[in-house]
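There are 2 protein chains.
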Amino acid sequence: MMEEGRTPKIVDVARLAGVSTATVSRTLSKPETVAQKTRDAVLKAAKESGYRVNLSARSLRSRRTGVVGVLVPNLGNTFFSRILAGIESTLARKGLSVLMVDTMHQTTKPEFILDYLNDSRVDGILSLDGSLSPTLLQAGQATAGLLPTVFVCEWHDQGNHPSIRVDNLQGSALAIDHLVALGHTKIGLINGPLDNVLSKARLSGALAAIKKANLKIDDSWQFESDFSLQSGVAAADSLLTLQDRPTALFCANDETAIGLISQLHRRGFYVPKDFSVVGFDDIDIARHYLPALTTIWQPRMELGEIGAQMLIERLENKASHTPQPAKVLPVELIIRETTAKPA
Amino acid sequence: MMEEGRTPKIVDVARLAGVSTATVSRTLSKPETVAQKTRDAVLKAAKESGYRVNLSARSLRSRRTGVVGVLVPNLGNTFFSRILAGIESTLARKGLSVLMVDTMHQTTKPEFILDYLNDSRVDGILSLDGSLSPTLLQAGQATAGLLPTVFVCEWHDQGNHPSIRVDNLQGSALAIDHLVALGHTKIGLINGPLDNVLSKARLSGALAAIKKANLKIDDSWQFESDFSLQSGVAAADSLLTLQDRPTALFCANDETAIGLISQLHRRGFYVPKDFSVVGFDDIDIARHYLPALTTIWQPRMELGEIGAQMLIERLENKASHTPQPAKVLPVELIIRETTAKPA
DNA sequence: ATTATAGTTGTAATCGATTACATTTACCAT
DNA sequence: ATGGTAAATGTAATCGATTACAACTATAAT
Numbered sequence: 045m046m047e048e049g050r051t052p053k054i055v056d057v058a059r060l061a062g063v064s065t066a067t068v069s070r071t072l073s074k075p076e077t078v079a080q081k082t083r084d085a086v087l088k089a090a091k092e093s094g095y096r097v098n099l100s101a102r103s104l105r106s107r108r109t110g111v112v113g114v115l116v117p118n119l120g121n122t123f124f125s126r127i128l129a130g131i132e133s134t135l136a137r138k139g140l141s142v143l144m145v146d147t148m149h150q151t152t153k154p155e156f157i158l159d160y161l162n163d164s165r166v167d168g169i170l171s172l173d174g175s176l177s178p179t180l181l182q183a184g185q186a187t188a189g190l191l192p193t194v195f196v197c198e199w200h201d202q203g204n205h206p207s208i209r210v211d212n213l214q215g216s217a218l219a220i221d222h223l224v225a226l227g228h229t230k231i232g233l234i235n236g237p238l239d240n241v242l243s244k245a246r247l248s249g250a251l252a253a254i255k256k257a258n259l260k261i262d263d264s265w266q267f268e269s270d271f272s273l274q275s276g277v278a279a280a281d282s283l284l285t286l287q288d289r290p291t292a293l294f295c296a297n298d299e300t301a302i303g304l305i306s307q308l309h310r311r312g313f314y315v316p317k318d319f320s321v322v323g324f325d326d327i328d329i330a331r332h333y334l335p336a337l338t339t340i341w342q343p344r345m346e347l348g349e350i351g352a353q354m355l356i357e358r359l360e361n362k363a364s365h366t367p368q369p370a371k372v373l374p375v376e377l378i379i380r381e382t383t384a385k386p387a
Numbered sequence: 045m046m047e048e049g050r051t052p053k054i055v056d057v058a059r060l061a062g063v064s065t066a067t068v069s070r071t072l073s074k075p076e077t078v079a080q081k082t083r084d085a086v087l088k089a090a091k092e093s094g095y096r097v098n099l100s101a102r103s104l105r106s107r108r109t110g111v112v113g114v115l116v117p118n119l120g121n122t123f124f125s126r127i128l129a130g131i132e133s134t135l136a137r138k139g140l141s142v143l144m145v146d147t148m149h150q151t152t153k154p155e156f157i158l159d160y161l162n163d164s165r166v167d168g169i170l171s172l173d174g175s176l177s178p179t180l181l182q183a184g185q186a187t188a189g190l191l192p193t194v195f196v197c198e199w200h201d202q203g204n205h206p207s208i209r210v211d212n213l214q215g216s217a218l219a220i221d222h223l224v225a226l227g228h229t230k231i232g233l234i235n236g237p238l239d240n241v242l243s244k245a246r247l248s249g250a251l252a253a254i255k256k257a258n259l260k261i262d263d264s265w266q267f268e269s270d271f272s273l274q275s276g277v278a279a280a281d282s283l284l285t286l287q288d289r290p291t292a293l294f295c296a297n298d299e300t301a302i303g304l305i306s307q308l309h310r311r312g313f314y315v316p317k318d319f320s321v322v323g324f325d326d327i328d329i330a331r332h333y334l335p336a337l338t339t340i341w342q343p344r345m346e347l348g349e350i351g352a353q354m355l356i357e358r359l360e361n362k363a364s365h366t367p368q369p370a371k372v373l374p375v376e377l378i379i380r381e382t383t384a385k386p387a
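Chains as they are written, first to last, in the working numbering: chain A, 45 to 387; chain B, 45 to 387.
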């Protein structure tokens, strides 16, 4: 029995089990170094007393937090949720937990994020946001050491952080080739933000594929979006102002594609009758949209799992700083109902 | 200039500014108790040395973490993202940060979540998941004190935790009344999980409204879902096996409604021609769906803001345990394209 | 001039674990 | 029996801040 009114500390457990605090500590973190019999006694005492380790004390002394910061550009986009699931389950298996930071919501600027994610809060960073790298690097120079960082999905060319991503060029090529095979010769692009690495990769992949098919692309057939539903709507309006319109559109992501299709529809143009549309990501709702969205599927769970695994490896052997090459996973074209032969 | 290779600690700043560590500490946390001149010197020294407070040391001593745990049933549902935005911005204004826990992804069971969210990790809890309350209470008895908890959206009848929610009964009534006004007399329900407080509230609101309109509801017109797209699909299939079918469906949430509409469509039944459908939540995509979804709008940002504010108040005056009554916000019916007069 | 008071600042104990190092125990080979 | 080695455990320093309390200063009131 414990005396009431005080949360038990490690000394209480030690006393109860008849051992030293060191032994209790070891039982909890390196059980294999403690004799079976002692271990049992300690665990019993810990359970009886309702002991919970004080995490602040632990990380103050051990210089580890057990927390990984995950930077997400926009939690509102469902694309990220399955990646997060992969990250979370992989980290949980190692006893690590996730501190999620929405770099869009976060009321503040990059410098704040770095101030926030200092090494007394997290042991490492998984960034799904490629735009933060330069600042991260700066901060790394300013303070003692750089936090181990792995980029997932997005990446940054400067600073050779390890990264796991998808073959965006291949994705674009699959999309364009599909449209070309259907007979489209006038293909437009709803690009993502032009400062985003994904957008840039997908754009250059698309342009390459268009060129390879010996097609031309009019500058007026390219529109800029910010990956949001709303920017798809805007793109539709811009598209319809054109005299000479493309017959097919390849979109930066599914949300943009849905916004686009939705607005085209409201303006009396139908997909795929009047326009073919291809998205990117295969978010959950893509298959349930009407018409169901033709899109590029990404192995989202795997991206999260592998990214987390890469970070774990960096955390475990801090010594080796061998700059791992970026890992790249393949994508797949999912043909549904938003693409057809041109009218 | 600092010597390299060592991250500066509070003593370094103190030395640099020519004051004691106590003064540095106070400058950083209670500036008003420090003379202007001293304050300036300390801040200058802190900046020059690139000092970052060690959060583990701080919370070990101060017994506060500055972190609020947010329990989310399913991050993959976009419904939550705007609530989270409201929570995050409100907490950030007070220097508090968010530790997000997806109670669905979390590989483990409630007892784990509580073990995880112990008071050395968070100062309080915002729960968007009503199912956890009983366990929370148990844990509160087992350990020293209960973590201050506020429920947002969902709630629990046991244990009078403060909560902020939406008028679910009113939402159901608005939906049903709308369908009745259109002339529907055979109204079916796609309910959420029957152990969920939201589902129960919405169901009883709907039944009351149906009764008030002097209509009957056949048991076979009620279907159970789990708020997912997939369960909407399943509901459509069940619905179509019926001989005597309702002409309108009120769904537990928008995702279910979209799954339902999508599958009805694939089976050759159209909305709103063959069936009228009303959702609940007004997620971002609702207005961009084809047909655009008639639904019940919730003040999501406000839910998050007020919930966070309520928790902040509890954290600030720990003394007053006056059990605040649940706050309830109104909802709105948004009429779009999925409802029409019965055929 | 003296005392009271409020405003600043410093000293040093403290939060609760981990872990380097020392010590003891157990076991085996000689 | 003896020495050597490995395994298990204990002692006490340590992580880096916060804060109770003491001490000092400046100003106002008497």
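C-beta atoms are modelled at their ideal positions from N, C-alpha and C, and glycine is treated no differently. No experiment lies behind these values; they were computed from the predicted model shown.
Could you give the first and the last residue of the continuous beta strand (DSSP E) run that contains residue i?
i: K138 (chain A); result: That residue, K138 (chain A), is in no beta strand (DSSP E); it is neither H nor E in DSSP.
i: E268 (chain A); result: Q266 to E268
i: T71 (chain A); result: Counting along the chain, T71 (chain A) falls outside any beta strand (DSSP E), though it belongs to the alpha helix (DSSP H) covering T65 to S73.
i: S320 (chain B); result: S320 to V322
i: L293 (chain B); result: A292 to C295
i: K371 (chain A); result: K371 to L373
i: S168 (chain B); result: Checking the displayed sequence, the identity of residue 168 (chain B) turns out to be Gly instead of Ser. Residues G168 to S171.
i: T193 (chain B); result: T193 to V196
i: L233 (chain B); result: I231 to N235
Would you mind sorting residue i into buried or exposed? The rule is 16 or more other CB atoms within 10 Å of its CB.
i: E198 (chain A); result: buried
i: V55 (chain B); result: exposed
i: E299 (chain A); result: buried
i: P374 (chain B); result: exposed
i: S69 (chain B); result: buried
i: G236 (chain B); result: buried
i: G62 (chain A); result: exposed
Which residues mark the beginning and the end of the alpha helix (DSSP H) in which residue i is found?
i: Q214 (chain B); result: N212 to L226
i: G113 (chain B); result: Segment V111 to V116 is the beta strand (DSSP E) holding G113 (chain B); no alpha helix (DSSP H) there.
i: E376 (chain A); result: No alpha helix (DSSP H) holds E376 (chain A); the beta strand (DSSP E) holding it covers E376 to I378.
i: I340 (chain A); result: Element bounds for I340 (chain A): not the alpha helix (DSSP H) but the beta strand (DSSP E), T339 to W341.
i: L60 (chain B); result: I54 to A61
i: W279 (chain A); result: Contrary to the premise, residue 279 (chain A) reads as Ala rather than Trp in this sequence. That run of the alpha helix (DSSP H) goes L273 to T285.
i: S93 (chain A); result: Q80 to S93
i: I305 (chain A); result: D298 to R310
i: I356 (chain B); result: R344 to E360
i: I254 (chain A); result: V241 to K256
Give the straight-line distance between the Cα atoms of residue i and residue j, rounded to the nearest whole angstrom.
i: L347 (chain B); j: H205 (chain B); result: 16 angstroms
i: L87 (chain B); j: A129 (chain A); result: 41 angstroms
i: T338 (chain A); j: K91 (chain B); result: 53 angstroms
i: Q214 (chain A); j: K256 (chain A); result: 13 angstroms
i: L308 (chain B); j: D281 (chain B); result: 8 angstroms
i: H200 (chain A); j: S171 (chain A); result: 10 angstroms
i: F286 (chain A); j: Q266 (chain A); result: The sequence shown places Leu at residue 286 (chain A), rather than the Phe named in the question. Taking the straight line joining both Cα atoms gives about 11 angstroms.
i: D270 (chain B); j: A279 (chain B); result: 11 angstroms
i: I378 (chain A); j: I340 (chain A); result: 6 angstroms
i: L165 (chain B); j: R289 (chain A); result: The sequence as given places Arg at residue 165 (chain B); Leu does not occur at that position. In a straight line, the C-alpha of R165 (chain B) is about 57 angstroms away from that of R289 (chain A).
i: Q342 (chain A); j: I254 (chain A); result: 22 angstroms
i: L223 (chain B); j: F324 (chain B); result: 14 angstroms
i: L72 (chain B); j: V78 (chain B); result: 10 angstroms
i: D163 (chain A); j: P192 (chain A); result: 10 angstroms
i: S175 (chain B); j: L176 (chain A); result: 37 angstroms
i: G184 (chain A); j: A58 (chain B); result: Residue placement at G184 (chain A) cannot be trusted, given a pLDDT of 46 that sits under 50; what the coordinates show is reported in the next sentence. Whole-angstrom Cα-Cα distance: 24 angstroms.
### Message
Counting only Cβ-Cβ distances shorter than 8 angstroms, please list the residues of the segment 363-387 of chain A near chain B, keeping chain order.
### Response
none
Are at least three pairs of beta-carbons, each pair with one atom in the segment 216-230 of chain B and one in the segment 251-271 of chain B, less than 8 angstroms apart? yes
For the segment 126-139 of chain B, list every residue whose C-beta sits within 9 angstroms of some C-beta in chain A, in sequence order.
R126, L128, A129, E132, S133, A136 and R137
Open item on the list: Under 9 angstroms, CB to CB, which of the residues in the segment 286-312 of chain A have a partner in chain B?
Closed with: E299, I302, G303, I305, S306, Q307, H309 and R310
Do three or more CB pairs link the segment 235-249 of chain A to the segment 269-276 of chain A at distances below 8 angstroms?
yes
### Query
Taking any Cβ of chain B, which residues in the segment 79-102 of chain A have a Cβ under 9 angstroms from it, in chain order?
G94, R96, V97, N98, L99, S100, A101 and R102
Within 8 angstroms, do at least three Cβ pairs link the segment 327-336 of chain A to the segment 350-363 of chain A? no
I'd like to know if the segment 94-107 of chain B and the segment 97-115 of chain A are in contact, where contact means that at least 3 CB-CB pairs between them fall below 8 angstroms. yes
Open item on the list: Which residues of the segment 334-352 of chain A have a Cβ closer than 7 angstroms to any Cβ of chain B? Give them in chain order.
Closed with: L334
Cβ-based contacts, 7 angstroms cut-off: residues of the segment 260-287 of chain B near chain A: L273
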